[in-house]
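Residue numbers (this note's numbering): 48 to 165.
Cβ coordinates follow ideal geometry from the N, Cα and C atoms, glycine included.
Bear in mind the structure is a predicted one, so any value in this text is a computation, not a measurement.
Accompanying notes for the structure given below.
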Amino acid sequence: MADKPTLQKRLDRMVNLLNRIGPDVADYWGGSILFKTPDLNTGWFLQMSMDGTVESLVEKVDEEAATCIIEADSDVILGVFNAVIDPMAAVNDGRMLVHKSVEPIMMIMPAVIEAVEK
48 MADKPTLQKR
58 LDRMVNLLNR
68 IGPDVADYWG
78 GSILFKTPDL
88 NTGWFLQMSM
98 DGTVESLVEK
108 VDEEAATCII
118 EADSDVILGV
128 FNAVIDPMAA
138 VNDGRMLVHK
148 SVEPIMMIMP
158 AVIEAVEK
């Protein structure tokens, strides 16, 4: 299990990446993604602006407001973002669940997955 500060730091890195390249991949979208981590008993709610940048990332679980919900243990989410775990394999073997619309995650994931030096 990844700890909350480690996951938060990686999510903050995702926000920085999206703010740089979001207009190229998520312009005019303005939706939201909930990254729900049952092992940490929490989640992070990512709200995108219509210009493709990040409006906010807050630690909260609001399934009703989310356009897309990604549910996985923290180490799986961290592994996917760090290019250690293939996201399709994680979905196929049930380690990562996608609820509601899959389109948002397909839109941003290629832009935010990157190997992180250890």
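With respect to the C-alpha of F82, the residue from P70, L54, L64 and D74 having the closest C-alpha is L54. DSSP assignment within the stretch 70-120 yields the following whole beta strand (DSSP E) runs of 3 residues or more, N-terminal first: 79-84, 89-95, 101-106 and 115-119.
M95 sits buried, since 16 or more C-beta atoms from the chains shown fall within 10 Å of its C-beta. Sixteen is the threshold: when 16 or more other Cβ atoms of the shown chains lie within 10 Å of the Cβ of G126, as they do, the residue is buried. Here G99 is actually not in contact with A136; their C-beta atoms are around 28 Å apart, not less than 8 Å. Just so you know, the alpha carbons of N63 and H146 end up roughly 25 Å apart. Judged by DSSP secondary structure, V149 falls outside any alpha helix (DSSP H); it is assigned neither H nor E. The stretch 108-122 makes contact with the stretch 149-163: 3 or more CB pairs, one atom from each, lie closer than 8 Å. When the five nearest sequence neighbours on each side are left out, the beta carbons in the same chain lying within less than 6 Å of the beta carbon of L65 are those of V101, in order along the chain. Leaving aside the five residues that flank K107 on each side, the residues in its chain whose CB is nearer than 6 Å to its CB run, in chain order, F92.
Rounded to the nearest whole angstrom, the C-alpha separation of D50 and D71 is 31 Å.
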